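Undergrad: Quick note on the numbering used here: the sequence shown kicks off at 4 and runs consecutively. Take a look at the following structure, please.
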Amino acid sequence: MSALISKPLLIELFTEELPPKALKKLGEAFAAGVEASLRADGLLAEGAKTVSFATPRRLGVRIDAVLTQAPAKAVKEKLMPLAVAKDAAGNASVALKKKLAALGHEALATSPLTLAPARTSASGHQHDGRGDDAAAASALIAESDGKAEYVYLVGSASGKSIAGGVQNAIDATLARLPIPKVMTYQLADGKTDVSFVRPAHGLVVLHGDDVIPATTLGLESGRITHGHRFQGANNIEIDTAARYEELLRRYGKVEPVFATRRDMILAQLEAKASELSATLGAPASYTDLLDEVNSLVEWPTVYVCQFEAEFLAVPQECLILTMKTNQKYFPLFDSAGKLKNQFLIVSNMELSDPKKIIEGNERVVRPRLADARFFFETDKKTRLDARIPELAKVVYHNKLGTLGERVTRVSKLAGEIAVLIGADKARAERGALLAKADLVTQMVGEFPALQGTMGRYYALHDGEPADVAAACAEHYQPRFAGDALPSPGVPTAVALADKLEALAGLFGTGQTPTGDKDPFALRRHALGVIRILIERQLSISLSDLVASAYGVFSHMVYQVAIEPYSSRRESKLDDSTQSSLLNFIYDRLRGYLKDTGASTNDIESVVASSPTNLAILPAQLAAVQAFSALPEATSLNAASKRVANILRKAAESGEAIAASNAAQEPAEQALRGALDAITPAATTLFAQGDFAGYLKSFASLKAPVDEFFDKVMVMAEDKAVRANRLALLRDLRDAMNKVADLSKLAT
């Protein structure tokens, strides 16, 4: 029973500073890898819980119930046919003796060969007869596999020991860590090179109170860990695995649990902000920074710093970005969301007098803010429209010309779209021309993430209309799932034009996404078009928009300026890719609708016909879902599928389809009469946008449709009769499928 004793297991790998942006994943992967390996070896007790540790200088894991030795396993191994295992005298054959010797079971090769009665065992286990898997008891049996009798080795094998399991777990886990960039370094012997994310200097492996022998990266396991680089004990002896966190916190000034340390930081940040009657902004705006800062400290302490109020004259987005990106500081905002001239820093030093830390950080941030102010003031001296010629010096794509040519195309398309959506054409064209001009400013050159944002500021400074300035910033929207849409009117026209021009141009030059590769973010552009059309309720034709986007590339001639030479090229876009682009957009549309919770069949019923007016799709989808709840729906959906199949086959065989007075059967006449009777009211409902009411009106056709298919032969011998019946089915299909293709709902 001693083999089944469980104790907490601690494994810690002490390293030099790990890459902060990778620390969270490294810590999670280290803990998960060790747990999975020990579980596979049968060393985890039932209900064992795992805690992950990750600090800037360590990866670790503690599992609270790990067995000293895994339970014994029943084994059964197929050896060879019985006819081969015995010689003519009934003794163990030479082949069997060699096989048993290789497995460490020479004693079973008796003469005459003794076979035990067959008994139940765990089949499929490959026993190697070595180390931890040495057999505790074994025997030979004969069993038939359905074709012939075979000799099997059966018995029980002792389970993996904690020492073997830990070494396996360390080796397997380190081999699979998601290391962003491997570093090769030399060990102390001056000869051996090893590779890891950072040089490792210590290995702790404790099972309860006991050190478990293990090696990795030139290190041997022990019980000594190390505290905070400046404020903790250098060497801390861990007496037992269960006290790891307690000892590190008390003597090492280290909080080893990533999530706990993150909570410590957030609580301090929120407390300091509250003391200053300030906020940290929206949580989503600082989540990534919080994780990164958490990966830079072991014992976090938050301090308040400030900068000169005069810097607030610079657009706050510039100051926020430089503080977060360059310095890892947390900006503070007032209740209206306006930036304050105070900010918070997360230090790795807890001091009673943090004056020098605060002054040092204030001194460091000042030049950064001064640079932002300089860029802003310098950029304002040149109008945005005066920068447009500079875009002709920036290559957009080697087959599509420069950014200068691109904004010309986008401007033309934006004007066309503005007319369709009732926006000002001239201002849409102006907004598109100016939209990329901030890319050649000093501010955006230093902080690319501010593209669009600075365009708005500079456009307003130049006296441009508000919607033109808004288009400069918002034409990139939506940039990601859940992002805000561009404002109605001019910004929407420019945003659609920007995305459609990119889609048409890149599809037309063969730059389509493949697999998970989408270097030009065309999936994002397509989803942006879909969201704008649907969520802004723009009832304009998608196919017309795509055709217009291709149209702005006609007679494309451009000059590409690439130092030290310039080349003038003529190119024609392949407009045959329009259908491919539309299909690409429809595929993104399916994904968009799937996120609403709709079923695949419901979605396909409204998308399969390649709708052009995306704005009404949500209402059509809701109507389909309401219709599907009717008791008549199943029968009508099946009938719709049957009708579709009949008409498809008729078209393939060249059958004539023509309505006439050739109706002979009462059921045929009844269906025509019922369809004609409901059509006027249904058409009114459709015109009013009541798609659910439109579909529900066809529920009354269930009985005449069922009777028609029960009593009428559609493909009658008389051609006129056949043509009339096909015409009836065509009219029925067209009426019922006006909202959605009901045949796609049939199961």
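Where a beta carbon is used, it is the ideal one built from N, C-alpha and C, also for glycine. Predicted model, so just to flag it, every value in this text is computed and none were measured.
Using 8 Å as the threshold, is the C-beta distance between Ile752 and Ile227 below it?
TA: Lying outside 4 to 750, the shown extent of the chain, residue 752 is not represented and no answer is given.
Undergrad: Counting C-beta neighbours from all protein chains within 10 Å, is the total for Tyr568 16 or more, i.e. buried, or is it exposed?
TA: Counted from its first residue, the sequence shown places residue 568 at position 565. In this predicted model, Tyr568 has a pLDDT of only 44, less than 50, meaning its place in the structure is not dependable; the value taken from the coordinates is given anyway. Exposed.
Undergrad: What runs of the alpha helix (DSSP H), each 4 residues or longer, lie entirely inside the region 319–349?
TA: Whole alpha helix (DSSP H) segments, 4+ residues: 319–324.
Undergrad: Less than 8 Å between the CB atoms is what I'm expecting for Leu488 and Arg539, so what's the real figure, rounded?
TA: Against the sequence shown, residue 488 aligns to sequence position 485. Against the sequence shown, residue 539 aligns to sequence position 536. With a Cβ gap of about 6 Å, Leu488 and Arg539 count as contacting.
Undergrad: Quick check on Arg61: does DSSP put it in helix, strand or coil?
TA: On the sequence shown, position 58 is the one that residue 61 refers to. Looking at Arg61 - three-state DSSP - the assignment turns out to be strand.
Undergrad: Within 10 Å of its beta-carbon, does Glu320 have 16 or more other beta-carbons around it, so buried, or fewer, so exposed?
TA: Translated into positions along the sequence shown, residue 320 becomes position 317. Glu320 is buried by the Cβ-count criterion.
Undergrad: Taking the straight line between their C-alpha atoms, what separation do you get for Ala431 and Ala496?
TA: Along the sequence shown, read from residue 1 onward, the residue named residue 431 stands at position 428. Along the sequence shown, read from residue 1 onward, the residue named residue 496 stands at position 493. Their Cα atoms are separated by approximately 6 Å.
Undergrad: Determine, using beta carbons only, whether Gly230 and Val257 come nearer to each other than 8 Å.
TA: Position 227 of the sequence shown, counted from the first residue, corresponds to residue 230. Position 254 of the sequence shown, counted from the first residue, corresponds to residue 257. Contact flag set, yes.
Undergrad: Using CA atoms only, rank isn't needed, just tell me which of Tyr461, Tyr399, Tyr332 is closest to Arg386.
TA: In the sequence shown, residue 386 corresponds to position 383, counting from 1. Here the closest residue by C-alpha is Tyr461.
Undergrad: Can Ala32 and Val64 be called in contact, C-beta distance under 8 Å?
TA: On the sequence shown, position 29 is the one that residue 32 refers to. On the sequence shown, position 61 is the one that residue 64 refers to. No.
Undergrad: Give, in chain order, every unbroken run of the alpha helix (DSSP H) that is at least 4 residues long and sits entirely within the region 451–508.
TA: Those alpha helix (DSSP H) runs which fall completely within the region 451–508 and span 4+ residues are 456–464, 469–477.
Undergrad: For Ala429, count neighbouring Cβ atoms within 10 angstroms of its own Cβ and tell me buried if that reaches 16, exposed if not.
TA: Residue 429 sits at position 426 when you count from the first residue of the sequence shown. Exposed, because fewer than 16 other Cβ atoms sit within 10 Å of the Cβ of Ala429.
Undergrad: State whether the region 41–54 contacts the region 96–115, with contact taken as three or more CB pairs (one from each stretch) at a distance under 8 Å.
TA: No, because fewer than three Cβ pairs between the region 41–54 and the region 96–115 fall closer than 8 Å, the two stretches do not touch.
Undergrad: Which of the three DSSP states is assigned to His210 in this structure?
TA: Taking the sequence shown and counting its residues from 1, the one referred to as residue 210 is at position 207. The answer is strand: DSSP assigns His210 an E or B state.
Undergrad: Taking the straight line between their C-alpha atoms, what separation do you get for Asp291 and Gln454?
TA: Start at 1 with the first residue of the sequence shown, and residue 291 comes out as number 288. Start at 1 with the first residue of the sequence shown, and residue 454 comes out as number 451. For Asp291 and Gln454, the distance between alpha carbons rounds to 20 Å.
Undergrad: Between Tyr254 and Ala236, is the Cβ-Cβ spacing less than 8 Å?
TA: The residue labelled residue 254 in the question sits at position 251 within the sequence shown. The residue labelled residue 236 in the question sits at position 233 within the sequence shown. Yes.
Undergrad: I want to know whether the region 701–719 touches the region 636–645 - three or more CB-CB distances under 8 Å.
TA: At 8 Å Cβ cutoff, the stretches touch.
Undergrad: Tell me Cys81's beta-bridge partners as DSSP assigns them.
TA: By 1-based counting over the sequence shown, the position of residue 81 is 78. The identity of residue 81 in the sequence shown is Lys, whereas the question assumes Cys. In DSSP, Lys81 forms a bridge with Tyr155.
Undergrad: Using the C-alpha atoms, what's the distance from Val447 back to Leu463?
TA: Indexing the sequence shown from 1 puts residue 463 at position 460. Indexing the sequence shown from 1 puts residue 447 at position 444. Rounded to the nearest angstrom, the two C-alpha atoms are 17 Å apart.
Undergrad: Three or more beta-carbon pairs under 8 Å between the region 336–350 and the region 388–402, yes or no?
TA: Segments in contact, no.
Undergrad: What beta strand (DSSP E) runs, 3 residues minimum, are completely inside the region 374–446?
TA: DSSP runs (the beta strand (DSSP E)) wholly in the region 374–446: 398–400.
Undergrad: Do Gly36 and Leu62 count as a contact pair if the criterion is CB distance below 8 Å?
TA: Along the sequence shown, one-based indexing puts residue 62 at 59. Along the sequence shown, one-based indexing puts residue 36 at 33. No, Cβ-Cβ distance for Leu62 and Gly36 is not below 8 Å.
Undergrad: How big is the Cα-Cα spacing for Leu177 and Met267?
TA: As a working note, residue 177 is residue 174 in the sequence shown. As a working note, residue 267 is residue 264 in the sequence shown. The straight-line gap from Cα to Cα measures roughly 29 Å.
Undergrad: What number of angstroms, rounded off, separates the C-alpha of Leu315 from the C-alpha of Phe377?
TA: Taking the sequence shown and counting its residues from 1, the one referred to as residue 315 is at position 312. Taking the sequence shown and counting its residues from 1, the one referred to as residue 377 is at position 374. Cα-Cα distance, rounded: 13 Å.
Undergrad: Count the CB pairs spanning the region 669–684 and the region 704–718 that are closer than 8 Å, and state whether there are at least three.
TA: Cβ pair count under 8 Å is three or more, so yes.
Undergrad: Please determine, among Phe450, Asp501, Phe587, the residue with the shortest C-alpha to C-alpha distance to Thr515.
TA: Taking the first residue of the sequence shown as position 1, residue 515 is located at position 512. It is Phe587.
Undergrad: With burial defined as no fewer than 16 other Cβ atoms inside 10 Å of the residue's Cβ, what is the status of Lys24: buried or exposed?
TA: Residue mapping note: residue 24 aligns to position 21 of the sequence shown, counting from 1. Exposed, by the Cβ-count rule.
Undergrad: Is Pro23 helix, strand or coil by DSSP?
TA: Translated into positions along the sequence shown, residue 23 becomes position 20. Pro23 falls in the helix class under three-state DSSP.
Undergrad: Pro494 and Asp465 look like a contact to me (Cβ under 8 Å); what is the Cβ gap, rounded to whole Å?
TA: If you number the sequence shown from 1, residue 494 lands on position 491. If you number the sequence shown from 1, residue 465 lands on position 462. No, Pro494 and Asp465 are not in contact; Cβ-Cβ is about 17 Å, not under 8 Å.
Undergrad: Buried or exposed for Gln691, going by 16 or more other Cβ atoms inside 10 Å?
TA: Translated into positions along the sequence shown, residue 691 becomes position 688. Counting Cβ neighbours within 10 Å, Gln691 comes out exposed, since fewer than 16 surround it.
Undergrad: Spell out the partners DSSP gives Asp196 in its beta bridges.
TA: Taking the first residue of the sequence shown as position 1, residue 196 is located at position 193. Its beta-bridge partners are Gln189.
Undergrad: Buried or exposed: Leu752, going by 16 or more other Cβ atoms within 10 Å of its Cβ?
TA: The structure shown does not extend to residue 752, since the chain is modelled only from 4 to 750, so the question has no answer here.
Undergrad: Would you list the residues sitting across from Thr53 in a DSSP beta bridge?
TA: Taking the sequence shown and counting its residues from 1, the one referred to as residue 53 is at position 50. Paired residue(s): Ile66.
Undergrad: Distance, Cα to Cα, Asn664 vs Asn727?
TA: The residue you call residue 664 lines up with position 661 of the sequence shown. The residue you call residue 727 lines up with position 724 of the sequence shown. Taking the straight line from one Cα to the other gives about 8 Å.
Undergrad: Evaluate Arg651 with the Cβ neighbour count: other Cβ atoms within 10 Å of its Cβ, from every protein chain shown; 16 or more gives buried, anything less gives exposed.
TA: What you label residue 651 is simply residue 648 of the sequence shown in a count that begins at 1. Answer is exposed; the Cβ neighbour count stays below 16.
Undergrad: How should Glu655 be labelled, buried or exposed, when 16 other C-beta atoms within 10 angstroms of its C-beta is the threshold for buried?
TA: For the purposes of this step, residue 655 is taken as residue 652 along the sequence shown, with counting starting at 1. Looking at its Cβ environment, which holds fewer than 16 other Cβ atoms inside 10 Å, Glu655 is exposed.
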